[in-house]
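The numbering of the sequence shown is UniProt numbering, which starts it at 1 and goes up by one.
Heads up, the beta-carbon is just placed ideally off N, CA and C, and yes, glycines get one too.
None of these values were measured; they are calculated from a predicted model.
Notes to accompany the following structure.
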Amino acid sequence: MSTATMTNSIAASLPAHSTSPADKYRGAVVEDLQLPPAFSVSSNEAISRAIEQAYERDFSHIPVLDRNRRPLGYVDVAKLKQKWEAGQANPDDKVSQYMTRFKRTSSEPYTIITPLSPLSELEEFLKSNIFALVTDHNRKFVLGLATAHDLENFVSRRGL
């Protein structure tokens, strides 16, 4: 079989327009999103301070870290503010009382999202999660927080 015939038969078996996630982002990685620096709080932080800092930085979810700076969970700022305004939370209460803990079990392994993770991988993760913590490979530092909105902005900026 000639090279031209082989190429034509391969091309005929492929879809006319490939829409794979890799093509959608053209090989871009999380670092290409140009996320703002991470903002997180200690589990011992007062909720009043956490809410104040979240609004200053326009964050809707705040990662909560332990004393070794390892991610424990997150706080949904809007829900926390509602509880505070309804009198169900005291401004001096600790963030740990209102956080949602990350699930870490053998049946639900921890997905590591780093600055070098492909955007297609991030997109898949965000199909079942509100946001992704961007960490170093060893999960020692929270570097950023990525959302589906960040992906949408990236696509619209790039015209993809």
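With a cut-off of 8 Å on Cβ pairs, the stretch 50-62 is not in contact with the stretch 118-126, counting fewer than three such pairs. Boundaries of the alpha helix (DSSP H) harbouring Phe154: 148-158, taken from the DSSP string. Note that the stretch 58-74 does not touch the stretch 22-31; fewer than 3 beta-carbon pairs, one per stretch, sit closer than 8 Å. For the 8 Å CB-CB criterion, Arg139 and Arg70 form a contact. In this chain, the beta strand (DSSP E) harbouring Phe131 covers 131-135. A straight-line Cα-Cα distance of about 32 Å links Glu108 and Trp84.
Proximity of the stretch 76-91 to the stretch 112-121 falls short of the contact definition, fewer than three beta-carbon pairs being nearer than 8 Å. In the same chain as Pro115, and ignoring 5 residues on each side of it, the C-beta atoms closer than 7 Å to its own belong to Val29, Val30, Glu31, Val134, Leu143, in chain order. Nearest to Ser42 by alpha-carbon distance, out of Val95, Arg104, Ala78, is Val95. Residue pairing by DSSP places Asp76 opposite His61 in a beta bridge. When rounded, the separation of the alpha-carbon atoms in Val155 and Gly73 is 28 Å. For the pair Ile47 and Asp93, the CB atoms are nearer than the 8 Å cut-off.
Residue Ser60 holds the alpha-carbon nearest to the alpha-carbon of Val77 among Ser60, Met99, Thr105.
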